[in-house]
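J.:
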Amino acid sequence: MKISKVETFLVRQLRKVYQYVLPLAVRHYGLSATIAIAFLAICGLLGARLGTEFLPKLEEGNLWIRGVMPPTITLDGGIETVARIRNIIRSYDPVRTVFSEQGRGEDGTDPDGSFLVEFFVPLKPFDQWPRGLTKQKLIAQLSEREKLEALNAHQAIGAGNLSPRSAAEQGSGGDPAVLTELAYQNQVYEEKYGFRFVVFVNRRSKAEILDVLRERLGNTREEELDTALRELVAIAEDRWRHS
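FYI, in this note's numbering the residues of the sequence shown are 21 to 263.
1) Distance, Cα to Cα, His48 vs Arg69?
2) Which class does Ile304 belong to by DSSP, given the choice of helix, strand or coil?
3) Starting from Glu27 and walking both ways along the alpha helix (DSSP H), at which residues does that stretch end?
4) For Phe146, which of Val37, Asn82, Pro196, Asn107 has the nearest alpha-carbon?
5) Assuming Ile85 contacts Phe139 under a Cβ cut-off of 8 Å, what Cβ separation, rounded to an integer in Å, is found between them?
6) What do you get for Arg259, buried or exposed, if any count of 16 or more other CB atoms within 10 angstroms of its CB means buried?
7) DSSP beta-bridge partners for Glu138?
8) For Ile255 and Ala160, I'd like the C-alpha separation in whole angstroms.
9) Quick check on Pro114: buried or exposed, where buried means 16 or more other Cβ atoms within 10 Å of its Cβ?
10) With a CB to CB cut of under 7 Å and the five nearest residues on each side skipped, what residues in its chain are close to Arg241?
11) In this structure, how does DSSP classify Glu219 when only helix, strand and coil are distinguished?
12) Indicate the three-state DSSP secondary structure (helix, strand or coil) for Leu143 in the structure shown.
13) Which stretch, first to last residue, makes up the alpha helix (DSSP H) that contains Ser163?
14) Are the beta-carbon atoms belonging to Arg216 and Ala176 less than 7 Å from one another?
15) What residue from Arg35, Glu228, Glu27 has the CA that sits closest to Ile195's CA?
16) Just to confirm, are Leu252 and Leu230 a CB contact at a threshold of 7 Å?
17) Looking at C-alpha atoms only, which residue of Val137, Met89, Glu211, Thr92 is the closest neighbour of Ser120?
18) Taking the straight line between their C-alpha atoms, what separation do you get for Leu158 and Val41?
19) At the level of alpha carbons, what is the spacing between Tyr34 and Gly71?
20) Taking the C-alpha atoms as reference points, what is the distance between Trp149 and Asn206?
Next up, the structure:
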């Protein structure tokens, strides 16, 4: 049985257009390639947004904050720190209240210990927030204040009435002239940056620390904040290794 081939009207019209366009595309291949690349880019942009109209941005008006304290901290030892952080978070105007949880959850397979703390922070409706304040700006303010709180909780280099651990790390005694200059430069540092000078002593003398302090006074506030936090982490890691 012989089967005849029949083209529909639509196919015939498409064939005519194709036969007309193909020679033009071959002759002007540069323009053809540009049009093809532009078409591909447009399709990519449209494809990236495909389906997003069915997935609205999730905004429940809350914050969930997870913090990690020193690994050696006990449950009782972390209570004061958790309460202080909770009070800091609650002091911000958009915050309605703060709930905290310290330690592992009820799941017996949870590997976290008493060093882990989580905060659930319900926020007020956005129309009750201060003008110009966004959620991103609020998070940035929270992060900044917590950083300063951590730095200012550290005992000043060369100060009196040090804790036994800080005294052992910083060493005792020293040249009175160096100690006087160190106290003065500490004051200059705090007036310039708004937080305490923190450095990992690492068995260096107070004269060497004074040189470090003078050098770091040339940093910008952003640079110095990052440096001080790195030094604070180094101190914590050293204490953990020698605990």
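Glycine is no exception: its CB is placed at the ideal position from the N, C-alpha and C atoms.
Just so it is clear, the structure is predicted and the values come from calculations on it, not from any experiment.
T.: By the coordinates alone:
1) 33 Å
2) In this structure the chain extends from 21 to 263, so residue 304 is not present and cannot be described.
3) From DSSP, Glu27 is part of no alpha helix (DSSP H); its letter is neither H nor E.
4) Asn82
5) 4 Å
6) exposed
7) Arg86, Glu121
8) 25 Å
9) buried
10) Tyr213
11) According to the sequence as given, residue 219 is Val; it is not Glu. Reduced to three states, the DSSP call for Val219 is coil.
12) strand
13) 155-172
14) yes
15) Strictly speaking, residue 195 in this sequence is Asp, with Ile absent from that position. Looking at the Cα atoms, Glu228 is the closest of the given residues.
16) no
17) Val137
18) 58 Å
19) Correcting the residue identity first, residue 34 is Leu in this sequence and not Tyr. C-alpha separation (whole angstroms): 31 Å.
20) 38 Å
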